[in-house]
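Structure first, commentary second.
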Amino acid sequence: MTGFTLLSKREISDIVADYGLPKALAARPARLGSVDTHYLLETAKGKFVLKIDEVKSEIEVKREQDLFAFLRKHGLPCPVPLADRNNRHYRDRGGKPLSVYRHIEGRVADPEYISLGQLENVGRVLADLHLIGKGYKKGIENRFGFDRVSEIYFDVRGRLPHYFKKITRTLDDEVEYLHHYLEGKLPKGIIHGGLTASSLLFKGDKVAAILDFETACRGKFIYDLAAAINTLCFETSQGYSLKKFEALIAGYEALRTLSLAEWDAFPNELRFAAFRHTITRLRDFFLNPDDDERQRINKEFQDFYDRLRILRREREGGMEALLMAMATGYDYRKYQKVKAVAKRR
């Protein structure tokens, strides 16, 4: 968490009253994302989440809430901010936007033990987001495209200790590789930008809600899918799970078929997704003064760096099986296209 805003009991009581909610019976901080402050409020009329955006500007929050409203209107299970007595969906609190949402019941799955049924439904929800988002015409800047992530890396690179030399060489090489081989001309639209197990709530196998749209933007659909695979289809003991990969892809392609170009770009998008999260964790480590948070961030950095090395085929971890699956997906899609052309003739 980049920052945490402490609210007094009096402040919370005033906010609850301004939103026309019953008196808060309990209010406690909750970890519902990696960036912002969240409080879980319990009232006689149910639970609510109070959110303070620690990083976003007022304009960015307004855009995010507009996107929420659009997605929810079209059936995507995501949170929508409540309006206060003055019909405002957010307010200023010490220069930071504050908003309140109804709490969505559900369970966060352990990424190590997420079921194949859950993953298939995650794939469907992600495809649904991409398809619904095609109708959203307002622009949302991608804050974590390759150029921006490279800037972040070179900014933090000078602060890396000498014992990071081997890691630095790997990251330098990855920047060079991605600069030459990342494909830009791929299907784009609204993407979540950072789907993890903690940003999903389940009721059984069903996705009850998709949360944490902090990095939502207009970007490549295949990147969004790759980022989800990096966080949801990886097991500490064996690396990338082919069965989990296949379940997620099956759910996704049930609603949206990947193009030949996307299948071809898939391996490099997996690498970029791992690279991006490696770099942002490096940045967060140096920005965060809290020792406990730095330990957590350091573990996440190591996790994503290890995945990057597997994807670079520098160590074992299931990449060969993924490459075979992606090659099969490419060949099958090519066969479908050839068959369709022959049928038209």
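148 is the number that my numbering gives to position 164 of the sequence shown; each next residue is one higher, with no gaps.
Note that CB positions come from ideal geometry on N, CA and C, so glycine has one too.
What you are looking at is a predicted structure, and each value in this text was computed from that prediction instead of being measured.
C-alpha distance - residue i paired with residue j, whole-angstrom precision
i, j, result
"residue 201", "residue 301", "30 Å"
"residue 286", "residue 28", "43 Å"
"residue 34", "residue 64", "12 Å"
"residue 383", "residue 269", "Since the first residue shown for the chain is -15 and the last is 329, residue 383 is missing from the structure and cannot be characterised."
"residue 112", "residue 51", "14 Å"
"residue 30", "residue 110", "28 Å"
"residue 169", "residue 117", "18 Å"
"residue 53", "residue 304", "41 Å"
"residue 205", "residue 129", "13 Å"
"residue 161", "residue 185", "36 Å"
"residue 319", "residue 312", "10 Å"
"residue 0", "residue 107", "36 Å"
"residue 20", "residue 245", "36 Å"
"residue 101", "residue -5", "42 Å"
"residue -14", "residue 137", "With a pLDDT of only 48 at residue -14, under the threshold of 50, the placement of this residue in the model should not be trusted; the figure read from the coordinates follows. Cα to Cα, residue -14 sits roughly 18 Å from residue 137."
"residue 55", "residue 13", "27 Å"
"residue -8", "residue 189", "38 Å"
"residue 177", "residue 11", "30 Å"
"residue 115", "residue 239", "8 Å"
"residue 212", "residue 233", "10 Å"
"residue 298", "residue 291", "10 Å"
"residue 323", "residue 243", "15 Å"
Per-residue burial, residue i [other beta carbons within 10 Å of its own, 16 or more giving buried]
i, result
"residue 179", "buried"
"residue 145", "exposed"
"residue 163", "exposed"
"residue 96", "exposed"
"residue 224", "buried"
"residue 265", "buried"
"residue 283", "exposed"
"residue 315", "exposed"
"residue 326", "exposed"
"residue 260", "buried"
"residue 183", "buried"
"residue 93", "buried"
"residue 165", "exposed"
"residue 293", "buried"
Residue i and residue j closer than 8 Å at C-beta
i, j, result
"residue 175", "residue 147", "no"
"residue 80", "residue 199", "no"
"residue 48", "residue 197", "yes"
"residue 142", "residue 172", "no"
"residue 236", "residue 262", "no"
"residue 228", "residue 306", "no"
"residue 267", "residue 140", "yes"
"residue 5", "residue 26", "no"
"residue 82", "residue 151", "no"
"residue 254", "residue 214", "yes"
"residue 68", "residue 2", "yes"
"residue 247", "residue 310", "yes"
Residue-chain proximity (residue i, chain D), Cβ-Cβ < 8 Å
i, result
"residue 304", "Looking for chain D here will not work: only one protein chain is present."
Nearest candidate by alpha-carbon position, reference residue i, set the options
i, options, result
"residue 398", "26, 258, 78", "Because the chain is modelled from -15 through 329, residue 398 falls outside the range shown and cannot be assessed."
"residue 231", "241, -7, 133, 217", "217"
"residue 134", "256, 321, 318", "256"
"residue 334", "160, 30, 317", "An answer regarding residue 334 cannot be provided, because it is not within the stretch -15 to 329 covered by the chain."
"residue 78", "41, 140, 274", "41"
"residue 181", "-3, 9, -6, 15", "15"
"residue 44", "-6, 124, 252", "124"
"residue 361", "76, 90, 321", "Residue 361 falls outside the range modelled here, since the chain spans only -15 to 329, and no answer is possible."
"residue 195", "60, 309, -3", "60"
"residue 24", "2, 57, -2, 86", "86"
"residue 250", "277, 220, 278, 295", "295"
"residue 122", "75, 274, 46", "46"
Collapsed DSSP secondary structure at residue i in the structure displayed
i, result
"residue 64", "coil"
"residue 203", "strand"
"residue 82", "strand"
"residue 325", "helix"
"residue 312", "helix"
"residue 196", "coil"
"residue 39", "coil"
"residue 173", "strand"
"residue 76", "strand"
"residue -15", "Residue placement at residue -15 is flagged as unreliable, the pLDDT there being 43, under the threshold of 50; a coordinate-derived value is accordingly withheld."
"residue 128", "coil"
"residue 251", "helix"
"residue 26", "strand"
"residue 267", "helix"
"residue 59", "coil"
"residue 92", "coil"
"residue 141", "helix"
"residue 219", "strand"
"residue 362", "The structure shown has nothing for residue 362, since the chain only spans -15 to 329."
"residue 179", "coil"
"residue 19", "coil"
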